[in-house]
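Read left to right, the sequence shown gives residues 136 to 324 (my numbering).
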Amino acid sequence: MIPTLQTSRLILRPLQLADAEQVQVLFPKWEIVRYLTAQVPWPYPPDDAYQFYRNVALPAMERGNAWHWMLALKTAPSRVIGSIGLMNNNEVNRGFWLGLPWQGQGLMTEACSAITEYWFNTLKFPVLRVPKAVANTASRRISEKEGMRVVAVEQRDYVCGRLPTEIWEITAEEWRSRQPAPRKQNQSS
Ligand SMILES: CC(C)(COP(=O)(O)OP(=O)(O)OC[C@H]1O[C@@H](n2cnc3c(N)ncnc32)[C@H](O)[C@@H]1OP(=O)(O)O)[C@@H](O)C(=O)NCCC(=O)NCCS
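Dropping the structure here:
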């Protein structure tokens with residue numbers, strides 16, 4: 136069972152098929168898809184969110200190979216503003232996108248911190264690995280701020296074409312060493 140998580144501004148709740156309707160409106164924008172894997176169809180078919188969730192994302196969640204959450208602001212909990220997911224494979228362990236009106240406010244940085252903690256502390260994977268187009272400044276910045284390292288550079292295919300790509304990585308040990316120390320208990324109590 137995938138839990139609902141919270142950050143200071145966000146609710147992250149497990150993806151459901153009913154979310155496809157809002158995603159179909161929000162997601163198919165060039166600024167959102169251009170640096171996503173070329174497996175995302177473009178132009179985006181009118182029922183692709185529904186098909187992708189039903190045929191790929193939800194079955195992977197049921198098999199225990201993926202953990203996908205929808206993002207909503209605490210101030211408007213029923214409105215989907217984006218999505219973040221974790222995947223158990225050797226190539227891509229985390230993916231995310233945010234609707235255009237909500238970008239540039241630190242929201243995905245906030246979501247990533249909760250989700251990366253889930254990857255290491257709940258799922259207990261030893262390493263988090265994510266490929267990113269070098270041109271995708273905002274996404275790379277998130278990895279940089281998390282203390283991830285570039286371990287390889289290669290070419291990959293995106294919706295916008297073939298691009299130089301960095302493979303970013305952080306181990307559980309590296310991630311733990313960056314987390315704030317737990318607050319000390321009051322010794323006198
Ligand atoms: C990547 C994405 C999720 C970032 O979401 P966001 O909530 O806007 O990101 P944040 O506000 O947390 O910003 C992250 C960092 O990137 C920087 N940044 C954000 N947008 C930027 C831009 N267009 N150009 C350069 N830097 C940018 C921010 O300043 C911040 O760095 P800082 O804390 O040093 O100031 C969003 O841009 C998006 O949905 N992109 C399309 C989908 C995508 O590319 N997903 C990732 C595939 S690897």
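Even glycine gets a Cβ: it sits at the ideal position worked out from N, Cα and C.
- Put simply, the backbone Cα of Leu221 is about 25 Å away from that of Pro181.
- In the displayed model, Ala153 falls within a helix according to three-state DSSP.
- Where Lys280 is concerned, there is no enclosing beta strand (DSSP E), although the alpha helix (DSSP H) around it starts and stops at Thr272 to Lys280.
- Between the region 182–201 and the region 143–150, the count of Cβ pairs shorter than 8 Å is three or higher; the stretches touch.
- In the DSSP assignment, Leu206 is bridged to Leu147 and Gly217.
- With a threshold of 16 other beta carbon atoms within 10 Å, Glu226 falls short and is exposed.
- Positions of the beta strand (DSSP E) runs, each at least 3 residues long and wholly inside the region 242–272, are given as 262–268 in order along the chain.
- Boundaries of the alpha helix (DSSP H) harbouring Asp183: Asp183 to Phe187, taken from the DSSP string.
- Glu279 is not a Cβ neighbour of Ser248, given a cutoff of 9 Å.
- Shown here, Gln240 sits in coil according to DSSP, grouped into three states, outside any helix or strand.
- Taking C-beta atoms as the reference points, Ile137 and Trp202 count as a pair closer than 9 Å.
- Judged by DSSP secondary structure, Arg311 falls within the alpha helix (DSSP H) whose first and last residues are Ala307 to Ser312.
- Taking a 10 Å sphere around the C-beta of Thr272, we find fewer than 16 other C-beta atoms and assign the residue as exposed.
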